[in-house]
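Student:
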Amino acid sequence: MNVEQSMQEITPIIPSAAPVAETPVVPQSEPSPAISPQCGCGSSGGNLPIGLGDVYAIGNIYPTFPNKSLEEEYMYAYQEFKAQGPPNALFYQVLSQGKNLYIAERMCWILSIQGIDSYILIPRSNVELHHFIAALEPVFVGERKFDVVLGTRGPLASPERCNGLQLPTLVANLTYYFTFNQFVDAMEGNIPGIPRNIVESTLSQMLLITDNAGETDAHRALNYLTVRSREIYFMAWQMQSSIAEAPYPPGVYFLQGVDIQRSNVQGTRRIMDVIFQFQARDTAETIYYYLKVDVTGMFPFMASRHLARYYPAP
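Okay, so the sequence shown: first residue is 1 according to the working numbering, each after it adds one.
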């Protein structure tokens, strides 16, 4: 496989945007496509807040109650359904019933990043609301799951919105999720021959580096590459291979860090250079490679077709 072939983006796992079933949920089922726009979840109206900037965040979505009244209503539905299991499994079982959608619409949906509550999510429409609910589907014990949210940051929520919790609001335009193993499986399928341990170690490193709120241009570029680009995983493989394909050097190099800076050439676009630093296993030699990412709009994309050597200024 050559470098150019590896440049295609990995396909995200986007749950069905369809209404939730009236009958007890079966994860494999495909509901109908009717969608209601702008549900105004967790608030009294459907108006969305004024945007203060684009966000590309990686974290975990969970619901909480905005008031005692809705909590009691949920408990009634929970007892009627006789749901069992851990909290997220209970939320998923109850809120994924079509007749309980009115509860889901009024819940406070929180995006937690590295264990820190970071945003109060507002679904742009019922499409995103159903994605929030789907994100609660239980995974195997010990499995790690990640929710990716692209949207527009709004102002701080009022104290009345989520029972006193004041966080920036985030209007979600696109939400999808994956587990750690699902991502590794997909990357193995997209890059034939890549060792599984290379994907696992690189993804683990990148997820530690992406400990950010996804608001700045630098963080949006980095988060985008982590979950959507095959190139960085192919690069990590080749840098650790003693018989690497050109343009990668012979020898074994390990990723030491990532730096992001604004490209010297901008024009009318906002371009970020994402620079990967590698160090040789047996010497102190350091090599840099970089990719250009365009973050002008809500949806970042590759601004360079090929990964290239980077030479730091003296």
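We treat Cβ as the ideally placed atom computed from N, Cα and C, and that holds for glycine.
Within 8 Å of any Cβ in chain C, is that where the Cβ of residue 281 sits?
Tutor: Judged by its chain identifiers, the structure shown contains no chain C, having just a single protein chain.
Student: Identify which residue in 113, 303, 122 has its Cα closest to the Cα of residue 106.
Tutor: Nearest C-alpha to residue 106: 122.
Student: Touch check for the region 134-153 and the region 189-197: three-plus C-beta pairs under 8 Å?
Tutor: No, they do not touch.
Student: Give me the Cβ distance between residue 287 and residue 253, rounded to the nearest whole Å; I'm assuming they're in contact under 8 Å.
Tutor: Their Cβ separation, rounded to whole angstroms, is 6 Å, which keeps residue 287 and residue 253 in contact under 8 Å.
Student: DSSP beta-bridge partners for residue 268?
Tutor: None, per the DSSP bridge assignment.
Student: Assuming the contact rule is C-beta atoms closer than 8 Å, residue 239 and residue 226 should be a hit. Round their C-beta distance to whole Å, please.
Tutor: Contact flag wrong, Cβ pair sits at about 17 Å.
Student: To test your reading of the DSSP string, which unbroken beta strand (DSSP E) runs of 3 or more residues are found completely within the region 85-128?
Tutor: List check, beta strand (DSSP E) in window: 108-113, 116-123.
Student: Starting from residue 189, follow the alpha helix (DSSP H) in both directions and report where the run begins and ends.
Tutor: Here the alpha helix (DSSP H) through residue 189 covers 180-190.
Student: What would DSSP say about residue 211, mapped onto helix, strand or coil?
Tutor: Residue 211 falls in the coil class under three-state DSSP.
Student: Just the Cα atoms here: how many angstroms apart are residue 170 and residue 93?
Tutor: Computed Cα separation, rounded: 25 Å.
Student: Assess, as a yes-or-no matter, whether the region 195-202 is touched by the region 153-170 under the definition of 3 or more beta carbon pairs within less than 8 Å.
Tutor: Counting Cβ pairs under 8 Å, fewer than three are found: no touch.
Student: Going by DSSP, name the residue or residues bridged to residue 171.
Tutor: Bridge partners of residue 171: 122, 152.
Student: Going by alpha carbons, who is nearest to residue 257 out of 222, 243, 269?
Tutor: Closest option to residue 257, Cα to Cα, is 222.
Student: Would you call residue 262 buried or exposed, if buried means 16 or more other Cβ atoms sit within 10 Å of its Cβ?
Tutor: Answer is exposed; the Cβ neighbour count stays below 16.
Student: As a quick exercise: from 129, 264, 305, 298, pick the residue whose alpha carbon is nearest that of residue 151.
Tutor: Nearest C-alpha to residue 151: 298.
Student: From residue 146 to residue 59, what does the alpha carbon distance come to, in whole angstroms?
Tutor: Taking the straight line from one Cα to the other gives about 6 Å.
Student: For residue 236, collect the residues of the same chain with a Cβ closer than 7 Å to its Cβ; drop the 5 residues on either side in sequence, then sort them by chain order.
Tutor: Excluding residues within five positions, the ones whose Cβ falls inside 7 Å are 198, 202, 255.
Student: Short of 8 Å in beta carbon distance, which residues of its chain neighbour residue 184, apart from the five on each side in sequence? Order them along the chain.
Tutor: These residues qualify, in order along the chain: 196, 199, 200, 203.
Student: Go ahead and label residue 295 buried or exposed: buried means 16 or more other beta carbons lie within 10 angstroms of its beta carbon, across all protein chains shown.
Tutor: Label assigned to residue 295: buried.
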